[in-house]
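Below is one structure, written out as structure tokens; comments come after it.
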Amino acid sequence: MDLTELAQVGATSVVAAMTTDAWEHVRLRLAGLLGGGNNGRQEEVASELSQSRERLVNSGEEEGTAAGVEAELRGQLRERLRNDPTFAAEFSVLVEEIQRQVPQPTQSTVRQHGVATRGGTVIQAGRDVNGIKTK
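With positions in the sequence shown counted from 1, the corresponding number in the working numbering is that position plus 1.
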């Protein structure tokens with residue numbers, strides 16, 4: 002798994018764990034990893050993770066909250082994963098543990114295929130919009 006994918010899968014897994022009984026264990030392990038052995042930093046990270054969980058829990062069914070929490074976490078993880086190979090290895094182990102303990106949200110994949118002939122243009126939209134011009 003490449004680092005970008007690990008950040009994505011890891012953030013999704015951590016957010017999924019936030020509303021389960023496994024959360025306290027995950028929070029402490031992740032705070033320990035992100036704190037890098039600095040007790041003050043570990044406490045700060047643990048507090049930030051608790052705040053994220055509270056935001057998630059208190060939002061109820063409000064659309065976008067989980068995605069926002071996940072995006073913030075993914076950004077933090079991506080930066081750390083790029084700069085610290087030891088963290089990457091340890092975080093990968095934590096993600097595997099979370100995935101064994103916590104049901105993961107299903108993610109569907111959509112594949113689109115467009116063909117343009119006679120100089121036509123294909124525009125496909127999803128998260129990104131890409132135009133393909135053929136000759």
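Virtual Cβ for every residue (Gly too), placed ideally from N, Cα, C.
Per-residue DSSP class, three states only, for residue i
i, result
"VAL27", "helix"
"GLN125", "strand"
"GLU91", "helix"
"ALA117", "coil"
"GLY65", "coil"
"GLY37", "coil"
"THR20", "coil"
"PRO104", "coil"
"SER53", "helix"
"SER60", "coil"
Alpha carbon of residue i to alpha carbon of residue j, nearest angstrom
i, j, result
"ALA32", "LEU57", "18 Å"
"SER14", "VAL103", "8 Å"
"GLU49", "GLU97", "22 Å"
"ARG79", "ARG119", "43 Å"
"ASN84", "ARG30", "19 Å"
"TRP24", "VAL116", "47 Å"
"GLY61", "LEU74", "19 Å"
"ASP22", "VAL123", "47 Å"
"HIS114", "ALA17", "32 Å"
"ILE179", "MET19", "Since the displayed the chain opens at 2 and closes at 136, residue 179 lies outside it and no answer follows."
"GLN125", "GLU44", "46 Å"
Integer-rounded CB distance, given that residue j should sit under 8 Å from residue i
i, j, result
"VAL46", "GLY36", "5 Å"
"LEU82", "ALA8", "6 Å"
"ARG92", "GLY11", "This sequence places Phe at residue 92; Arg is not what is there. Indeed they touch by this definition, with Cβ atoms about 6 Å apart."
Assess, as a yes-or-no matter, whether the region 2-11 is touched by the region 63-70 under the definition of 3 or more beta carbon pairs within less than 8 Å.
no
Do the region 45-57 and the region 85-95 meet, that is, are 3 or more Cβ pairs less than 8 Å apart?
no
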